[in-house]
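So in the working numbering the end of the sequence shown lands on 268, straight run, no missing numbers. Glycine included, each C-beta is placed from N, C-alpha and C at the ideal position. Keep in mind that this is a model prediction, so the values were computed, not measured.
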Amino acid sequence: MKNSIGIGLIGMGVIGTGVAKVLLEKKDHLAAQVGCPLVLHKIVDKDLTRKRAFDVSPALLSPDVADVLNNPEVDIVIELIGGEIPAFDFIKQAIKNHKSVVTANKEVIAKHGPEILALAMQYNRGVRYEASVGGGIPIIGPLLQNLTANYIHTVQGIINGTTNYILTRMAAEGLEFATALKQAQKLGYAEADPTNDIEGYDAAYKLAIMATLAFHSIVRPENVYHEGISRLDWRDFRYAKE
Numbered sequence: 027m028k029n030s031i032g033i034g035l036i037g038m039g040v041i042g043t044g045v046a047k048v049l050l051e052k053k054d055h056l057a058a059q060v061g062c063p064l065v066l067h068k069i070v071d072k073d074l075t076r077k078r079a080f081d082v083s084p085a086l087l088s089p090d091v092a093d094v095l096n097n098p099e100v101d102i103v104i105e106l107i108g109g110e111i112p113a114f115d116f117i118k119q120a121i122k123n124h125k126s127v128v129t130a131n132k133e134v135i136a137k138h139g140p141e142i143l144a145l146a147m148q149y150n151r152g153v154r155y156e157a158s159v160g161g162g163i164p165i166i167g168p169l170l171q172n173l174t175a176n177y178i179h180t181v182q183g184i185i186n187g188t189t190n191y192i193l194t195r196m197a198a199e200g201l202e203f204a205t206a207l208k209q210a211q212k213l214g215y216a217e218a219d220p221t222n223d224i225e226g227y228d229a230a231y232k233l234a235i236m237a238t239l240a241f242h243s244i245v246r247p248e249n250v251y252h253e254g255i256s257r258l259d260w261r262d263f264r265y266a267k268e
């Protein structure tokens, strides 16, 4: 029995800020659900001076990832920095330090999921990656548990919000691609560097993860055909309607 569960957060971008806000502002609700308090011990961020959506105690912040990975009070490491390296290394080190991991990193899970899960099994730790594909729409859990008795033939859906927004604006309003992209960036749907989204890499990572689970085989991102939307213009939508 534990008096509390210690959390360490790596990454304080948009998603990381949201996670920290929930852990700090809804701690009583979470404690009631879990059965003991979830205590956020440390947040690692390479830029400690950036403006954030809500105030965080300076004592919680650190630029050094060792303050999470080597912290004996941390039971669960939440990795939210994105990208393959160094996130992959951080996840492996956390598991080897006998910490469970929660991640939203679709690239790492798509490319290294089997290795990470095997390492977690070796060290008897948990790895949860629901947020790597559907965000707030549960899909990983059902594929792992609820649908295991089903034979799945096809997986399909809209799995990238950035391209969905851009294509909708182009189709509905006749906008050029560049204009729709700028709108998406202004509203926070697209990153400053939107390459992974608009060239289809993000969708390929998510499809690889879902296909691996749904079809009980290892599907890697390079096995998934993908094509970006950056070459589309408003004429393509006019021709499609015709």
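For residue i, list the residues DSSP reports as bridge partners.
| i | result |
| --- | --- |
| residue 126 | 102 |
| residue 154 | 128 |
| residue 32 | 65 |
| residue 70 | 36, 88 |
Tell me whether residue i sits in a helix, a strand or coil according to DSSP, three-state version.
| i | result |
| --- | --- |
| residue 111 | coil |
| residue 64 | strand |
| residue 82 | coil |
| residue 87 | strand |
| residue 136 | helix |
| residue 211 | helix |
| residue 55 | helix |
| residue 265 | helix |
| residue 165 | coil |
| residue 175 | coil |
| residue 48 | helix |
| residue 149 | coil |
| residue 77 | coil |
| residue 186 | coil |
| residue 194 | helix |
| residue 5 | Here the chain comprises residues numbered 27 to 268, so residue 5 is not present and cannot be evaluated. |
| residue 200 | coil |
Quick one: measure Cβ to Cβ for residue i and residue j, integer angstroms, because I've assumed they're closer than 8 Å.
| i | j | result |
| --- | --- | --- |
| residue 67 | residue 105 | Actually they do not touch by this definition, with Cβ atoms about 15 Å apart. |
| residue 210 | residue 184 | Not quite, the Cβ-Cβ distance comes to about 15 Å (not below 8 Å), so this is no contact. |
| residue 235 | residue 159 | 6 Å |
| residue 87 | residue 69 | 5 Å |
| residue 125 | residue 142 | Wrong, their Cβ atoms sit about 13 Å apart, outside the cutoff. |
| residue 129 | residue 121 | Residue 129 to residue 121, Cβ: 11 Å. No contact. |
| residue 215 | residue 188 | 5 Å |
| residue 186 | residue 223 | 6 Å |
| residue 63 | residue 137 | Incorrect: roughly 35 Å between the Cβ atoms, too far for contact. |
| residue 225 | residue 256 | 7 Å |
Going by other Cβ atoms of all chains shown within 10 Å of its Cβ, with 16 needed for buried, is residue i buried or exposed?
| i | result |
| --- | --- |
| residue 231 | buried |
| residue 227 | buried |
| residue 155 | buried |
| residue 212 | exposed |
| residue 162 | exposed |
| residue 40 | exposed |
| residue 76 | exposed |
| residue 84 | exposed |
| residue 238 | buried |
| residue 117 | buried |
| residue 207 | buried |
| residue 144 | exposed |
| residue 43 | buried |
| residue 60 | exposed |
Closer than 7 Å: is that where the CB of residue i sits relative to any heavy atom of the ligand NAD?
| i | result |
| --- | --- |
| residue 118 | In terms of ligand content, the structure shown is empty, and the ligand NAD therefore cannot be addressed. |
Could you give the uninterrupted runs of the beta strand (DSSP E) lying entirely in the segment 217-260, keeping only those of 3 residues or more? With a minimum length of 3 residues, no continuous beta strand (DSSP E) run stays inside the segment 217-260.
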